Amino acid sequence: MNKLKTIRVVLLLAILGTAVMIFLFSAQTADESQKTSDNLTTTVIHIIDPQYEKKPKTKQLSTRRLVSLIIRKLAHFSEFSLLGALLYAFLRLSPRPGTASRALLIAIVLAALYACTDEGHQMLVEGRGPSPVDVGIDTLGALTAILITAGLWRCFSRRGAGRHSLK
Numbered sequence: 035m036n037k038l039k040t041i042r043v044v045l046l047l048a049i050l051g052t053a054v055m056i057f058l059f060s061a062q063t064a065d066e067s068q069k070t071s072d073n074l075t076t077t078v079i080h081i082i083d084p085q086y087e088k089k090p091k092t093k094q095l096s097t098r099r100l101v102s103l104i105i106r107k108l109a110h111f112s113e114f115s116l117l118g119a120l121l122y123a124f125l126r127l128s129p130r131p132g133t134a135s136r137a138l139l140i141a142i143v144l145a146a147l148y149a150c151t152d153e154g155h156q157m158l159v160e161g162r163g164p165s166p167v168d169v170g171i172d173t174l175g176a177l178t179a180i181l182i183t184a185g186l187w188r189c190f191s192r193r194g195a196g197r198h199s200l201k
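With our numbering as the guide, the letters of the sequence shown map in order to residues 35 to 201.
Structure follows, in structure tokens:
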């Protein structure tokens, strides 16, 4: 197997692994998901605000809610950022000739479709439900990473480290 094929196999496995990771997070019940979020929220709060425990309970609660919301939405954004970057790289290394814009468009559509199915999947999980806002955040995460990856690809391709040097 040549280097290009090896890289494509690794990317495909990484795409599948990322999709499974997203699926498993979405398969958590509302209580399990909240517990995971709460643990991370507590850690982050104590890092960013060492005086948290000394504040009034109402201030603690509002801080906890805000940090938890940010963490949950960043989780959506980052999971799909990874998926988007991997999809774009995989499509750019496709043996079928195509343009960068074609790979970009297909990667965005695939990530957005997976975001929709992910939210649909949550309808089947206890205490969870679909959120159009989360689909938007997921898609924005994927789009952001795809554009960054495409920009880096273009930059390195101009320096002679492009797609054909991998063969």
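Here a beta-carbon is modelled for each residue, glycine too, at the ideal position from N, C-alpha and C.
Here the structure is a predicted model, which is why all the values come from computation and not from measurement.
query	result
In angstroms with no decimal places, state the Cα-to-Cα distance between ARG188 and ALA176.	18 Å
May I ask which residues mark the beginning and end of the alpha helix (DSSP H) holding ASP152?	134-156
How about PHE124 and ARG42: are their beta carbons less than 8 Å apart?	yes
Can you round the beta-carbon distance between GLY118 and ALA145 to whole angstroms, since I take them to be within the 8 Å contact cut?	5 Å
Report, in whole angstroms, the separation of the C-beta atoms of VAL11 and GLU153, which I expect to be a contact under 8 Å.	Only positions 35 to 201 of the chain appear in this structure, which leaves residue 11 out of reach.
Which of the three DSSP states is assigned to THR70 in this structure?	helix
So, are the CB atoms of THR149 and THR183 less than 8 Å apart?	Note that residue 149 is Ala in the sequence shown here, rather than Thr. The answer is no: Cβ separation not under 8 Å.
Keeping to the same chain, check which residues put their C-beta closer than 7 Å to that of GLN94; ignore five residues upstream and five downstream.	TYR86
Measuring alpha carbon to alpha carbon, tell me which residue in ALA141, THR70, LYS89 and ARG99 is nearest PHE114.	ALA141
For ARG130, count the other beta carbons within 10 Å of its own beta carbon; 16 or more makes it buried, fewer makes it exposed. Which is it?	exposed
Which one of TYR122, PHE57 and LEU100 has the shortest CA to CA distance from ILE79?	LEU100
What is the rounded straight-line gap between the Cα of ASN73 and the Cα of LYS107?	15 Å
Counting C-beta neighbours from all protein chains within 10 Å, is the total for LEU46 16 or more, i.e. buried, or is it exposed?	exposed
Under the rule that 16 or more other beta-carbon atoms within 10 Å means buried, what is SER60, buried or exposed?	buried
For LYS89, name the three-state secondary structure that DSSP assigns.	coil
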